[in-house]
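K.L.:
Take a look at this one; I'll ask things after.
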Amino acid sequence: MKPAAMPPAPILHTSARVLEFDSLREILLAYAASSLGRRRLETLAPASDPAWIERQQHLTAEIRQFLHAGGRFDFSGLTDPEPQLERARIEGVALEPAEIVSVVTLADRAAQWRDLALHPPAALEGAWDEVAVLSAGIADFGDFLRFFKSKILPDGTLDDRASPDLARIRREVEKQKRHIQDSLRVYLRRLAEGGALQEELVTIRGERFVIPVRVEQKRRVSGVVHGASSSGQTVFIEPLETIEQNNELVRLLEEEQAEVRRILLEMSRRIAAQAVAISAAAEVLAELELQFIKARFAAEYHCVPVRFGTGSLILEQARHPVLERSLRLHDAQVVPISLRLGEDHRQLVISGPNTGGKTVALKTIGLLALMAQAGIPVPATDAEFPVFDAVLADIGDYQSIEQNLSTFSAHVTNIEFISRTATPHSLVLLDELGSATDPQEGAALAVAIADHFRRLGALCVVSTHHTSLKVYAANTEGVLNAAVGFDEKTLRPTYELRLGVPGASAGINIAQRLGLNAEIIAAARARLGSDAQDVARFLDRLHEELRQAEEERARLARQEEEVARERSRLAARGMDEQRARVRELEKKLEGLLRDFEYRIRETLSAVQDRAASVKLSKDADRRLARLRREFREQFDSAVVAHSTGADRGDPHAQPALVRNVAEGDTVKLKSLGRSGIVRRQLDSDTFEIEVGAMKMRIPRSDIAEVAARAAESPVKAARARGIAVSLSEEDAGTPTELNVIGETVDEATRRVEKFLDRAFLAGLPRVRIVHGSGMGVLRKALRKYLEQHPHVASIAEPPQNEGGAGATVVELRV
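Structural data, given as structure tokens:
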């Protein structure tokens, strides 16, 4: 049996009855499915062993995750096997089939859980540690269960397959029964002809087959009478001719019973041999069902696991589960409380009007402390507790006629016990301290009692109406005031717990609002001492100011939300207007560019000289592309500057300008529409870029984008790994030589024109055209064309070893 399944010794002093721990247990019992779980729940009590408490919290959390992931397990029908195990250990005692079934069912469920624990759902990976440790206490019942498989029927009788002898005997019994019935039916037909029968049927009396005969006809039937009907009109007779057959049937039935007993004895011996393992499995299943109970309760009541620290008591949005169950029946909700004790304050003094929730606050703190130390998650959004060695409460009316104790005497007796029992590690809860006696003496006694527990160092929560205790809390280090809320407009408590301020009793105000005689109200106020009146007025004013501050805070929060919504609305509206304006400007810009382009084309068409026209057309295309790019950049800069409020000269208002360019980067150029590699940076805005076989000085504004960083270049990476890299002709860049040998003048001229345009745009300084010598017609025509071409600076015939008259070297304009 594993330690997690063994409940430790409970805390000796818990005030569990006063704090309604038994009522909580009743809530938990509703989630129990078996007597095994109910028995374990009845032993559940708060403990002071931190290790056990932590294990309980983890176990419940893991089972809660199991349920959340869709896991299920059936505990219904499980019972405590100890009585059956005790009987099975007695030599010669055979368990009844029903008892065997209950024990085997428990072992079967244990085996099912063992298999599940060894193979938990994937969603629980890493969150199954404590359950795995607990489940290790279940033995392998494989052989045990295989022995009992198919041997006991659901109704508790043994199956024919329980043993070969039992199957044989039962076949013989059935055969003998049919033989007797057949004999009796023949006999009945003979008797029916003479009218001696009451009715034609065969029945059984005392495990012997008989036939019903009318009383007046019984002398006609030879046999043994086995009784009469309730009316006395019919007797049941066993004919002489079937007596031997019935005797044989009885013998077979006795043999069957003997075999059944032998089998039950063997089964009982098997159970006795596994008694220790079965008992341990029952303890594990009982503990597991307890965890399922706590997990289902935690899910329904929105509970959280408790953290255990060294001395702090922290509760956020804590609720009393018993009160919450009661309010749920009336479709109401409990008002949660929040508090922090232990860091700077070890004592809390709660004050406020009657029915305001002071006692509920004390009971909530106390019950949740007991739940935490019983390993039960608590209904809150956050909870931290120390491990208390005692939870001591003085709550309620203890007047006892039998012990001749008044309410005051009973309170004093109880507090005297608490003062002797409490330690610095205890939780002390005192309700209406100093009540049920003279107010002045009660107040003095209340302050003295509270200060005793403060000096002791115990965590202490006190509720009171005494002003002296409120003043004590305000003036004493380590003590904190708290107030429960009351709405004087509706004369209803709000049950809210407000830390840091004392509460007003408001008894006279409530009486006045309830319509008590004005003279009585005036007389009551007059009888109040001046100090009490000042304190009452101060508390009334303080609570009113707090109420107004909360209303103002809520109003400001609403205004802030409205301003945020309006700001978002205006921003969205502004963006829509800006987008519309940008679209309008883009349309105008496109129109201007189209008009400009049209005028250029129109001017060019008027130029008659073909060579000049070609040159102007090429130059116009380049200039038009540059103008489009510059217009677009200026337009984008203006839009960005308008959106951000930046100056147009600000680099951040120039979105088309590429900022991060480094040596080795592959960049795309706007003017050429091609990519090149940055070899070095000449100044802040000028780069030397290699395009094919050329190197050019390029301004930053001509870089459209960085196509690949130096570190990302596949060629560079390959070379770094020692891999040889060669470029194909297409990737190597623009060709520097054109071969037109064998072509006509027109064909060669068209190809040379395209070749020169491509070389010029690529920035090549010179190219070579191979046309051959032949008759010289193609050479002369091409050289004449080249002399007039706008891209050509000069032409020359290369040396004989480079082609001589069969080629022409062309120097291109820069």
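Just so it is clear: in the sequence shown, position 110 is 262 by the working numbering, and no numbers are missing. C-beta atoms are modelled at their ideal positions from N, C-alpha and C, and glycine is treated no differently.
Alpha carbon to alpha carbon, how far is D201 from A168?
P.N.:
18 Å
K.L.:
What are the boundary residues of the beta strand (DSSP E) that includes H378?
P.N.:
375-380
K.L.:
So, using beta-carbon positions, are V95 and L520 closer together than 8 Å?
P.N.:
Residue 95 is absent from the structure shown; the chain starts at 153 and stops at 966.
K.L.:
Return the CA-CA distance between V944 and A723, expressed in angstroms with no decimal places.
P.N.:
58 Å
K.L.:
Who are S503's beta bridge partners in DSSP?
P.N.:
Among the bridge pairs identified by DSSP, S503 is matched with T616, A635.
K.L.:
Skipping 5 residues on each side, what residues in its chain have a beta carbon closer than 6 Å to that of G375?
P.N.:
I389, E390, P391, L392
K.L.:
DSSP three-state label for I415, please.
P.N.:
helix
K.L.:
Considering Cα atoms alone, identify which of A484, A470, D483 is closest to M523.
P.N.:
A470
K.L.:
If we ignore side chains and look at the alpha-carbon of each, how far apart do L196 and E178 end up?
P.N.:
12 Å
K.L.:
Tell me the rounded alpha-carbon separation between N506 and R707.
P.N.:
30 Å
K.L.:
I want to know whether the stretch 540-550 touches the stretch 496-504 - three or more CB-CB distances under 8 Å.
P.N.:
no
K.L.:
My understanding is that V458 touches Q209, with C-beta atoms under 8 Å, so please give their C-beta distance in whole angstroms.
P.N.:
6 Å
K.L.:
Identify which residue in A433, P272, P473, A484 has its Cα closest to the Cα of F227.
P.N.:
A433
K.L.:
According to DSSP, is S200 part of a helix, a strand, or is it coil?
P.N.:
Looking at S200 - three-state DSSP - the assignment turns out to be coil, as it is neither helix nor strand.
K.L.:
If you follow the beta strand (DSSP E) that I855 is in, where does it begin and where does it stop?
P.N.:
855-860
K.L.:
In the DSSP assignment, what residue or residues form a beta bridge with F388?
P.N.:
P364
K.L.:
Helix, strand or coil for Q485, going by three-state DSSP, please let me know.
P.N.:
coil
K.L.:
If you follow the beta strand (DSSP E) that V579 is in, where does it begin and where does it stop?
P.N.:
Residue identity check: residue 579 is Leu in the sequence provided, not Val. First-last of the beta strand (DSSP E) with L579: 578-582.
K.L.:
Could you check whether I363 and L405 sit closer than 8 Å to each other, using their CB atoms as the reference points?
P.N.:
no
K.L.:
Could you check what DSSP says for V539 in three-state terms: helix, strand or coil?
P.N.:
V539: coil per DSSP, three-state reduction.
K.L.:
Please check the pair L465 and R192, which I expect to be a contact at CB under 8 Å, by giving their CB distance rounded to whole angstroms.
P.N.:
Actually they are not in contact, since the Cβ atoms of L465 and R192 sit about 29 Å apart, beyond 8 Å.
K.L.:
Alpha carbon to alpha carbon, how far is T309 from D260? Give it in angstroms, no decimals.
P.N.:
18 Å
K.L.:
Looking only at DSSP bridge pairs, what is D295 linked to?
P.N.:
Beta-bridge pairing links D295 to no other residue.
K.L.:
To which residues of the same chain is L318 closer than 8 Å at the C-beta, ignoring the five residues directly before and after it?
P.N.:
L310, D312, E408, E411, V412, I415
K.L.:
Taking the alpha helix (DSSP H) that D267 belongs to, which residues open and close that run?
P.N.:
249-270
K.L.:
Determine the DSSP secondary structure at T101, reduced to helix, strand or coil.
P.N.:
The chain is shown from 153 up to 966; residue 101 falls before or after that span and cannot be answered.
K.L.:
State the DSSP-derived secondary structure class of A156, mapped to helix, strand or coil.
P.N.:
Note that A156 scores a pLDDT of 43, beneath 50, so its modelled location is shaky and nothing firm can be said.
K.L.:
Is the Cβ-Cβ distance between L621 and A598 less than 8 Å?
P.N.:
yes
K.L.:
Determine the DSSP secondary structure at A545, reduced to helix, strand or coil.
P.N.:
Correct three-state label for A545: strand.
K.L.:
Would you mind sorting I445 into buried or exposed? The rule is 16 or more other CB atoms within 10 Å of its CB.
P.N.:
buried
K.L.:
Less than 8 Å between the CB atoms is what I'm expecting for L916 and T886, so what's the real figure, rounded?
P.N.:
6 Å
K.L.:
Which stretch, first to last residue, makes up the alpha helix (DSSP H) that contains D898?
P.N.:
897-914
K.L.:
Nearest to H497 by CA position, among V487, D603, V631, is which residue?
P.N.:
V631
K.L.:
Drop a sphere of 10 angstroms on the beta-carbon of I553, count the other beta-carbons inside from all chains shown, and report buried for 16 or more, exposed for fewer.
P.N.:
Residue placement at I553 cannot be trusted, given a pLDDT of 40 that sits under 50; what the coordinates show is reported in the next sentence. I553 should be labelled exposed.
K.L.:
Taking the CB atoms as reference points, tell me whether A914 and V843 lie closer together than 8 Å.
P.N.:
yes
K.L.:
Check G828 in the structure and name its three-state DSSP category.
P.N.:
strand
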